[in-house]
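Numbering (my numbering), first residue to last: 383 to 757.
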Amino acid sequence: MPLLKTLQVQHFRNLGGATLHLGPAFNVFYGENASGKTSILEAIYLLSANRSFRTHKPHYLIQHDKDQLTVFGEFLGEDAHLDKVGISRNRAGEVQIRKNGANVHSSSELAQGFPCLTLDPESFNLFDGSPKARRAILDWLVFHVKPDFLNAWKNYARALKQRNMLLRRGKINRLELLPWDTLLCKEALKVEAMRQEVLVEFIELFENVLSAMSDEFDQNIELSYKTGWPAGTSLDSEKSLLTVLDGLWQRDLELGYSSSGSHRFDLKFQYCHRLASENLSRGQKKSVVIALHQAMAMLFVRRTGHTPAILLDDLPSELDSKRLTALCENLRSLGSQLFISAVAREQLATVLEELKDTPCSWFHVKQGQITVNNQ
Ligand SMILES: Nc1ncnc2c1ncn2[C@@H]1O[C@H](COP(=O)(O)OP(=O)(O)OP(=O)(O)O)[C@@H](O)[C@H]1O
Ligand SMILES: [Mg+2]
Numbered sequence: 383m384p385l386l387k388t389l390q391v392q393h394f395r396n397l398g399g400a401t402l403h404l405g406p407a408f409n410v411f412y413g414e415n416a417s418g419k420t421s422i423l424e425a426i427y428l429l430s431a432n433r434s435f436r437t438h439k440p441h442y443l444i445q446h447d448k449d450q451l452t453v454f455g456e457f458l459g460e461d462a463h464l465d466k467v468g469i470s471r472n473r474a475g476e477v478q479i480r481k482n483g484a485n486v487h488s489s490s491e492l493a494q495g496f497p498c499l500t501l502d503p504e505s506f507n508l509f510d511g512s513p514k515a516r517r518a519i520l521d522w523l524v525f526h527v528k529p530d531f532l533n534a535w536k537n538y539a540r541a542l543k544q545r546n547m548l549l550r551r552g553k554i555n556r557l558e559l560l561p562w563d564t565l566l567c568k569e570a571l572k573v574e575a576m577r578q579e580v581l582v583e584f585i586e587l588f589e590n591v592l593s594a595m596s597d598e599f600d601q602n603i604e605l606s607y608k609t610g611w612p613a614g615t616s617l618d619s620e621k622s623l624l625t626v627l628d629g630l631w632q633r634d635l636e637l638g639y640s641s642s643g644s645h646r647f648d649l650k651f652q653y654c655h656r657l658a659s660e661n662l663s664r665g666q667k668k669s670v671v672i673a674l675h676q677a678m679a680m681l682f683v684r685r686t687g688h689t690p691a692i693l694l695d696d697l698p699s700e701l702d703s704k705r706l707t708a709l710c711e712n713l714r715s716l717g718s719q720l721f722i723s724a725v726a727r728e729q730l731a732t733v734l735e736e737l738k739d740t741p742c743s744w745f746h747v748k749q750g751q752i753t754v755n756n757q
C-alpha cells in the first residue's frame, strides 16, 4: 500500500502548522500530555477516512479561533508513483477533498487509497459498549476485501433511508413500502453473503492468533455473528427476508423505524461459554482486542496483497512491554507503516530496540510543535 511520505497539517486542533517527513516502518510521536500526539494521528487518519477516530463532530478538529483546517499527504505508491491528497474543512461544514488536483467525491475512495487500522485506549472497551465498535470491525474487513460490498451496502442504506422516512411519516400502506422492502431484501442478501464469507476466514485467523498468544484462550474464545434479522430467519433467501418484513411492517410503523435488518447486526464474543464482557478480566480483554486487530491486518494482507497503515495511540500506557513488543513485532512483520504515540520516548525505545533492523523515526511533540529527534 502507499507509504505516507509527507504530512502537512495546518490549524488542526493544537497543531498550528507542521510538515513531517515520515519513515517507512515505525514513526513514533512522543511528548507530554496535551502536547498534540493524538492530534497528529487524527490528522493521518483523516487522510484515510475523512473523519476522526475520536469525535463525530468534525468542527472540533479545527483549531480554536481559526476558520479552516488543512491536511495534506504525499503517498509513495508501490510503483514509485506519488499521490497528493489534500483535505480542507471549514466552520461552515464545507469539505474539500482533492487527489492529484482533482476533486474526490467520496470518503470510500480515500479509504481505498490509504487503508488505516487504529488501536487506541478506547478500543479496549470493545466488549462493553454499544454494537457500533464491534460492527466497525466487520464493516472495515468486508469493505476492504470484498470490492462489491460498497455498492450493495450503499443500495441497502438507500432503501433503508427511504423506508424509514415513510415509516416516520406514518399513515402509509404496505404497497408504498414494498419497492423499498424489495430493494432492501435484494441487497441484504448480498451483504449477508459477503459478511459470512469474510467472517469464516476471519474467525479462523483470529483463533490462530489467540492460541499462539496464550493457552488460556486456546479454544475458549468464541466469536459469532448475531444477525440483525429475527432469530431463525434464513439469510440466503430474498423471499424469506421479505416475509419477515411483511410480518414486521406494522410494528415498524408504530416504532417509526426499521427494527430488523442487516444494519442491526452485532458480533458476539464469548469466553468459556459466557459473555466476554462479563467473563474476561480487563487485561484479558486487551489481549483479545489486540488479537482481533492482528487478525484484521492479516486477513487484509492475505486477501488484498497490500498492507494497511496502523495507528497505535497511547498504547504504552495500556500494555506491558511484553505485549507491546509482540504487537509491534507482529504488525511490522506484515510490512505495515506504523504511527505510534507515547508520553515518554523510553516507553518505546526498549521495545523497538528489540526489533532489530527496523527503521524508526522519532518525533518530539511539545505544545503543538513537532521536532525530529532521531539520535
Ligand atoms: N480545536 C482545537 N483547537 C486548539 N486546541 C485544541 C483543539 N482541540 C483540542 N485541543 C487541544 O490540543 C491539545 C492536544 O491534544 P491531544 O489530545 O492531541 O494531546 P496528546 O498529546 O495526545 O495528550 P495525551 O498524552 O493526554 O493523550 C490539548 O491541550 C487540547 O485541549
Ligand atoms: Mg493522546
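Just so you know, even glycine gets a beta-carbon here, dropped at the ideal spot from N, CA and C.
Straight-line gap, residue i to residue j (C-alpha atoms, nearest Å)
i	j	result
residue 456	residue 586	36 Å
residue 814	residue 499	Here the chain has residues from 383 to 757 only, and residue 814 is not among them.
residue 740	residue 722	14 Å
residue 410	residue 748	14 Å
residue 511	residue 579	26 Å
residue 528	residue 577	9 Å
residue 539	residue 567	11 Å
residue 497	residue 690	5 Å
residue 687	residue 602	31 Å
residue 727	residue 422	16 Å
residue 755	residue 736	19 Å
residue 633	residue 564	18 Å
residue 599	residue 675	16 Å
residue 495	residue 386	11 Å
residue 610	residue 574	10 Å
Closest residue to residue i among the options (Cα-Cα distance)
i	options	result
residue 644	472, 475 and 572	572
residue 653	605, 565, 537 and 755	605
residue 434	543, 557, 480 and 501	501
residue 483	472, 491, 476 and 468	468
residue 742	403, 398 and 394	403
residue 551	479, 489, 539 and 639	639
residue 416	703, 563, 750 and 754	750
residue 555	505, 452, 635 and 720	635
residue 671	503, 399 and 480	503
residue 569	596, 549, 541 and 583	541
residue 490	429, 708, 385 and 685	429
residue 485	470, 703 and 459	470
residue 589	662, 609, 678 and 508	678
residue 717	405, 397, 732 and 582	405
residue 442	475, 697 and 535	475
residue 700	715, 724 and 712	724
For residue i: DSSP bridge partner residues
i	result
residue 661	Beta-bridge pairing links residue 661 to no other residue.
residue 721	409 and 693
residue 480	468 and 485
residue 420	Paired residue(s): none; residue 420 is not in a bridge.
residue 608	648
residue 446	The partner list for residue 446 (beta bridge, DSSP) is empty, contrary to what the question assumes.
residue 391	400 and 453
residue 500	693
residue 603	653
residue 385	458
Enclosing beta strand (DSSP E) for residue i [first to last residue]
i	result
residue 458	450 to 458
residue 435	Premise fails: residue 435 is in no beta strand (DSSP E) and is neither H nor E.
residue 472	464 to 472
residue 753	751 to 754
residue 400	397 to 403
residue 743	742 to 748
Where the alpha helix (DSSP H) through residue i begins and ends
i	result
residue 652	Taken as a continuous stretch (DSSP letters only), residue 652 belongs to no alpha helix (DSSP H), being part of the beta strand (DSSP E) at 648 to 653.
residue 714	703 to 715
residue 589	556 to 595
residue 624	620 to 637
residue 514	514 to 527
residue 543	531 to 551
residue 730	727 to 735
Taking any heavy atom of ligand 2 as the mark, which residues have a C-beta closer than 7 Å to it, listed down the chain?
419, 420, 695, 696 and 723
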